[in-house]
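J.: Under our numbering, think of the first position of the sequence shown as 35, with each following residue one higher.
Can you keep this structure in mind? I'll have questions shortly.
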Amino acid sequence: MKTVGYAAHSSEANMVPYHFERRELRSNDVAIEILYSGVCHSDLHTVNGDWGPQPYPLVPGHEIVGVVQSVGADVTQYKVGDQVAVGCMVDSCQECDQCHNHEEQYCREGMTGTYGFPDRISGETTQGGYSKHIVVREEFVLRIPEGMDLSKSAPILCAGITTYSPLRTWGVKEGSRVGVIGLGGLGHMAVKLAVAMGADVTVMSRSTKKETEAKALGAKGILASTDEEAMTAAANAFDLIIDTVPTAHDINAYTPLLDVDGSLVIVGQVGPTGELNSMPMIFGRRRVAGSLIGGIAETQEVLDFCAKHNIYPECEMIQMDQINEAFKRLEQGEMAHRFVIDMSSLDVA
Ligand SMILES: [Zn+2]
Ligand SMILES: [Zn+2]
Numbered sequence: 035m036k037t038v039g040y041a042a043h044s045s046e047a048n049m050v051p052y053h054f055e056r057r058e059l060r061s062n063d064v065a066i067e068i069l070y071s072g073v074c075h076s077d078l079h080t081v082n083g084d085w086g087p088q089p090y091p092l093v094p095g096h097e098i099v100g101v102v103q104s105v106g107a108d109v110t111q112y113k114v115g116d117q118v119a120v121g122c123m124v125d126s127c128q129e130c131d132q133c134h135n136h137e138e139q140y141c142r143e144g145m146t147g148t149y150g151f152p153d154r155i156s157g158e159t160t161q162g163g164y165s166k167h168i169v170v171r172e173e174f175v176l177r178i179p180e181g182m183d184l185s186k187s188a189p190i191l192c193a194g195i196t197t198y199s200p201l202r203t204w205g206v207k208e209g210s211r212v213g214v215i216g217l218g219g220l221g222h223m224a225v226k227l228a229v230a231m232g233a234d235v236t237v238m239s240r241s242t243k244k245e246t247e248a249k250a251l252g253a254k255g256i257l258a259s260t261d262e263e264a265m266t267a268a269a270n271a272f273d274l275i276i277d278t279v280p281t282a283h284d285i286n287a288y289t290p291l292l293d294v295d296g297s298l299v300i301v302g303q304v305g306p307t308g309e310l311n312s313m314p315m316i317f318g319r320r321r322v323a324g325s326l327i328g329g330i331a332e333t334q335e336v337l338d339f340c341a342k343h344n345i346y347p348e349c350e351m352i353q354m355d356q357i358n359e360a361f362k363r364l365e366q367g368e369m370a371h372r373f374v375i376d377m378s379s380l381d382v383a
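Next up, the structure:
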């Protein structure tokens, strides 16, 4: 199937129109016409080559929303016209303990990422959502709940699940004290989701500049990491801290804020984080952990949760040809919202 998207051809991260083929439908495949595609910070990192060499040309995008265009002969869950989504993975072995445990992101053979990974059968490089169409095996297709606004749902597929999964794993409930470091694409979703779970949420940021935004999202306020007095006063005040900052930073300032048995979960930054002080961890049985997206079943759960609680990411709609400008703005700093590409702005001709 011929399609068109925007691809990076080198680590310069300059995205240009790119015509390519999607595979012929296998019997368990769903072909999707993409309507909206979220812009994730990791798209930028990946095309920049920050996380290692990439198989260019590369079409990024793993927050995908659209409608089913056709299905393979053995597909039972989806039919033409259904509103569907695809997130950060498109395949896994389906046979190991992690896959059986619905944690395909931790598949023992490695999950197949939505872009930049070799397809498990053909070996060709997977290409992501900055395109008109995608073909994905049925097991990795999500359903958009009825009545949900498609134009605002895409960021749930990465920013949403990445923050929802640790909130669930660490048992956040009514009255839980949750801190969220950073108020970007991930952070603002963490706040909305934790608030909907009944938690008391505080945003942690360098300054109180975004206090109004934080409160509008449902947080109690901002704890400024530069305010020594406030940081000292907040010792032992949190059960869980979700760290969404996408760049290297010192986490030692935050661990003392956890109560006994509290956990700080890193979801934003991939790579070395500097020297870790074990003192607050030992004196308080505090934990520092990480978490990667979520399984397919849990991704469906967060979509359903957002539909039920009327939660949407804050989205700024852009045209496909504004993507390079959007990347620049992402690089310049956090915004408490997500860019979403209106794929109808990409002309197939
Ligand atoms: Zn992402
Ligand atoms: Zn597996």
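Heads up, the beta-carbon is just placed ideally off N, CA and C, and yes, glycines get one too.
#1: Helix, strand or coil: which one does DSSP assign to residue 146?
#2: Quick one, are the C-beta atoms of residue 273 and residue 212 less than 9 angstroms apart?
#3: How many angstroms separate the CA atom of residue 231 from the CA atom of residue 206?
#4: Buried or exposed for residue 147, going by 16 or more other Cβ atoms inside 10 Å?
#5: Going by the C-beta, is residue 60 closer than 8 angstroms to any heavy atom of ligand 4?
#6: Report the start-end ranges of each beta strand (DSSP E) in the stretch 103-145 that is 3 residues or longer and not cut off at the edges.
#7: How about residue 237 and residue 56: are their beta carbons less than 9 angstroms apart?
#8: Which residue or residues does DSSP assign as beta-bridge partners of residue 276?
#9: So what does DSSP say about residue 241, is it helix, strand or coil?
#10: Does the beta-carbon of residue 368, which I'm using as the reference point, lie nearer than 8 angstroms to any heavy atom of ligand 1?
#11: Please output, in chain order, the residues near ligand 1 using a CB cut-off of less than 5 angstroms to any non-hydrogen atom of the ligand.
#12: Which residues, in chain order, sit with a beta-carbon under 5 angstroms away from any heavy atom of ligand 2?
#13: Here's a check: name, in chain order, each residue in its chain whose Cβ is nearer than 8 angstroms to the Cβ of residue 314, leaving out the five neighbours to either side.
#14: Roughly how many whole angstroms lie between the Cα atoms of residue 60 and residue 112?
#15: Looking only at its own chain, which residues have a Cβ that is under 6 angstroms from the Cβ of residue 77, when we skip the five neighbours before and after it?
#16: May I have a chain-ordered list of the alpha helix (DSSP H) segments no shorter than 4 residues that lie completely inside the stretch 325-379?
#17: Alpha carbons only, please: which of 116, 48 and 241 is nearest the one belonging to residue 79?
T.: Quick look at the numbers:
#1: strand
#2: yes
#3: 7 angstroms
#4: buried
#5: Among the ligands in the structure shown, ligand 4 does not appear; only ligand 1 and ligand 2 can be found there.
#6: 117-120 and 123-125
#7: no
#8: 214 and 299
#9: coil
#10: no
#11: 74, 76 and 192
#12: 126, 127, 130, 133 and 141
#13: 286, 289, 290, 292 and 320
#14: 14 angstroms
#15: 94
#16: 330-343 and 357-366
#17: 48
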